[in-house]
Structure formats: C-alpha cells, structure tokens
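Colleague: Sharing a structure below in structure tokens format, with a few things to ask.
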C-alpha cells in the first residue's frame, strides 16, 4: 500500500494564495522519506567572468566570508585568490560539472539541473557552453529544468522555456527562478509555456532541522504545482546563512533527514555546481557524504522532479 503524507500548515513566499493546502506525496512501501537533488547552474567557470564585474564582487565576498566567520581561515582566502589566478592560467576549479555528474552516477542517484538560457545577474556562460552542458546532461540522463531570469514578463519567460526545449531537444516541465524571485509574472509565463511545476519558494523562517516545516507541494494555478526548496549550499555554509563547517553541515543534514522521516516528507536540496570544487572542500565533502547517505539507505526515496511529479496526489 502506498504511503500518503500531507499537512495543513501554511507556508511563505507565494505571490498569490495557493489554490490548495499542502498536497500529499505517495512514498513507495518501505520508504519513510524522499530526497530530491537539484542544481542551479549559475556558473560554468571562473574564466567566463573575466570581462564582467562579477569577479570583483567574488573576491570581495572571499574577504567578507573569511572575516565574518566564527573561526577565520586566512589560508582559505589565499586559496580562493589562487583559484582566480589558476583560472587565468587555464586550470579553472569551477569546471566541476563532469565530476559532479560522475559522483551522482556512481551513487546511482538522479538529479534535476536548472539551466539558464540568457545572461543574468552573475550569469555569463555563452551559447556554445550552454549547448555543451545540455548535451552532457542529456547523455548522463539528468533531468533538465529552466533557471529563469525574467520574473516580471510572462511572455519573455515563456520564450526562455521554448529556447531551452529547442536547444536541449528534451521536455522541460518546470523551473526555479534566479535569486528565488517568484511573481505573478512567473506564474503567467509558466502557464503560457505549459510548465507543470516551480521550485522557487524557500521558507527561511525556521531553519532549525529539528522543527523545520519541510513545506509540501501546493497547487498554485490550474496545472502549476509549487514544490518548495528546503535547503541549499549557501544556506548551510555562507556567513549570510548558517555559516556551518563541513562537520556541522553533515550533522545538520542528518537531523533534517530525521525530521523528514518523522513527517514522511521529500526534502528538496540545491547544490550550485561550482561549489563542488577544490576551492570549497567542505561543501564537496558534505555533498559526497550526502550521496553516500542517500544511496545506502533503503528507507529514503531518491528522486528528481521528473520522478516526483507523478507521486503528487492531485485534489
């Protein structure tokens, strides 16, 4: 018998009232929770930013992240600056897509990759790099969604969706907006393009994993489901988030999975691919631990959005 999980708790961040309360997700027999791995592709390399203002902001942020930490790590700052120099010499540590895909394939786990088709704030990869990325994702069986850039114009957003469908040759069923900017314009664009889900809403009000609400999907408009995002790498590691160490992030995620088992929920996680880098070894170690934890537990359903949507119980 399939297990259904739902609750009536409210969530936050919606641009208009949802049409329903939280929707149940059917979990297979023997599983107590699910984990959905996703990736917002903001950067494919450091080198792509050598002609824009991002690199200056990045270096300023390196200093900021080090100075504001509970335990400053000046060697990490120096290593980050060395990474910029290495990228200029052709050894770009942010070219992590192949190793990240390989790690997920070795673990036998699916994931959804949200890809941008036009430049945006901090997004500068070109059309040739995009086409190469889409080919690699398709050949490795990764699920593909849109990392939307235009949140104020539904027609322009629908054009982004159609561009991604044309370039990838794949069905594109959903999106996550850059900088998590969800609006009525986004919902309009989703309906124009016939998208089925959004995963932009993120509840940052209660981050303690022992009481995290782990908001469930809701129907936003006819045919459009919101699947909330629960945690991402910057939430865990940035000084503007929780500012955790690698060991602390692993402990946090372990407690979050315990919370998901308690509630019978699907945890939606996001890792920016460039964070799976030698420049941020604590993030890479955390994600490798997570892949091992998911693949070794028979009570966890690993899924992507392609696999999750059929399990959401419609009203």
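Numbering (the working numbering), first residue to last: 900 to 1214. Here a beta-carbon is modelled for each residue, glycine too, at the ideal position from N, C-alpha and C.
Closest to residue 1216 by C-alpha separation, out of 1159, 1208, 1136, would be which residue?
Modeller: As displayed, the chain neither begins before 900 nor continues past 1214, which places residue 1216 out of reach and without an answer.
Colleague: Are the segment 1175-1189 and the segment 916-923 touching by the rule of at least three beta carbon pairs closer than 8 Å?
Modeller: no
Colleague: Report buried or exposed for residue 941, applying the criterion of at least 16 other Cβ atoms within 10 angstroms of its Cβ.
Modeller: Numbered from its first residue, the chain shown carries residue 941 at position 42. Buried, since its Cβ has 16 or more Cβ neighbours within 10 Å.
Colleague: Is the segment 1191-1203 touching the segment 997-1015, taking contact as three or more C-beta pairs under 8 Å?
Modeller: The segment 1191-1203 is in contact with the segment 997-1015.
Colleague: Less than 8 Å separating the beta-carbons of residue 1095 and residue 1208?
Modeller: Numbered from its first residue, the chain shown carries residue 1095 at position 196. Numbered from its first residue, the chain shown carries residue 1208 at position 309. Closer than 8 Å, so yes.
Colleague: Which residue from 996, 1142, 934 puts its Cα closest to that of residue 1175?
Modeller: For the purposes of this step, residue 1175 is taken as the residue at position 276 of the chain shown. The option with the nearest alpha carbon to residue 1175 is 996.
Colleague: Under the DSSP definition of a beta bridge, which residues are partnered with residue 1043?
Modeller: Walking along the chain shown from the start, residue 1043 turns up at place 144. Looking at the DSSP assignment, residue 1043 forms a beta bridge with 1012.
Colleague: Please report the straight-line C-alpha distance between residue 1156 and residue 1162, rounded to a whole angstrom.
Modeller: Taking the chain shown and counting its residues from 1, the one referred to as residue 1156 is at position 257. Taking the chain shown and counting its residues from 1, the one referred to as residue 1162 is at position 263. For the pair residue 1156 and residue 1162, the Cα-to-Cα distance works out to about 10 Å.
Colleague: Is the segment 1058-1074 touching the segment 1094-1113 in the sense that three or more CB pairs, one from each, lie closer than 8 Å?
Modeller: yes
Colleague: Tell me whether residue 1067 is buried or exposed, calling it buried when 16 or more other Cβ atoms sit within 10 Å of its Cβ.
Modeller: Start at 1 with the first residue of the chain shown, and residue 1067 comes out as number 168. Buried: at least 16 other Cβ atoms inside 10 Å.
Colleague: State buried or exposed for residue 947, treating a residue as buried only when at least 16 other CB atoms are found within 10 Å of its CB.
Modeller: As a position in the chain shown, residue 947 is number 48, starting the count at 1. Counting Cβ neighbours within 10 Å, residue 947 comes out buried, since at least 16 surround it.
Colleague: May I have the straight-line CA-CA distance separating residue 1184 from residue 994, to the nearest angstrom?
Modeller: For the purposes of this step, residue 1184 is taken as residue 285 along the chain shown, with counting starting at 1. For the purposes of this step, residue 994 is taken as residue 95 along the chain shown, with counting starting at 1. Computed Cα separation, rounded: 17 Å.
Colleague: Which runs of the alpha helix (DSSP H) spanning at least 4 residues fall entirely within the segment 1043-1113, listed in chain order?
Modeller: Scanning the segment 1043-1113 from its first residue to its last, the whole alpha helix (DSSP H) runs of 4-plus residues come out as 1053-1067, 1083-1092.
Colleague: Excluding the five sequence neighbours on either side, which residues of its own chain have a C-beta within less than 8 Å of the C-beta of residue 963, listed in chain order?
Modeller: By one-based count along the chain shown, residue 963 stands at place 64. So the list reads 1138, once near-sequence residues are dropped.
Colleague: Comparing alpha-carbon positions, which option in 1212, 1206, 1211 lies nearest residue 1040?
Modeller: To locate residue 1040, count along the chain shown from 1; it is residue 141. Cα-wise, what sits closest to residue 1040 is 1206.
Colleague: Between which two residues does the beta strand (DSSP E) harbouring residue 1199 extend?
Modeller: Translated into positions along the chain shown, residue 1199 becomes position 300. First-last of the beta strand (DSSP E) with residue 1199: 1199-1202.
Colleague: Please report how far the alpha carbon of residue 1159 lies from the alpha carbon of residue 989, in whole angstroms.
Modeller: Along the chain shown, read from residue 1 onward, the residue named residue 1159 stands at position 260. Along the chain shown, read from residue 1 onward, the residue named residue 989 stands at position 90. Using only the alpha carbons, I get a separation of about 43 Å.
Colleague: Considering Cα atoms alone, identify which of 1194, 1111, 936, 1128 is closest to residue 1154.
Modeller: If you number the chain shown from 1, residue 1154 lands on position 255. Looking at the Cα atoms, 1111 is the closest of the given residues.
Colleague: For the beta strand (DSSP E) holding residue 1120, just list the boundary residues, first then last.
Modeller: The sequence position of residue 1120 within the chain shown is 221, counting from 1. Where residue 1120 is concerned, the enclosing beta strand (DSSP E) stretches over 1117-1120.
Colleague: Could you give the first and the last residue of the continuous alpha helix (DSSP H) run that contains residue 1145?
Modeller: Counting from 1 along the chain shown, the entry for residue 1145 is found at position 246. Looking at the DSSP string, the run of the alpha helix (DSSP H) that includes residue 1145 is 1145-1162.
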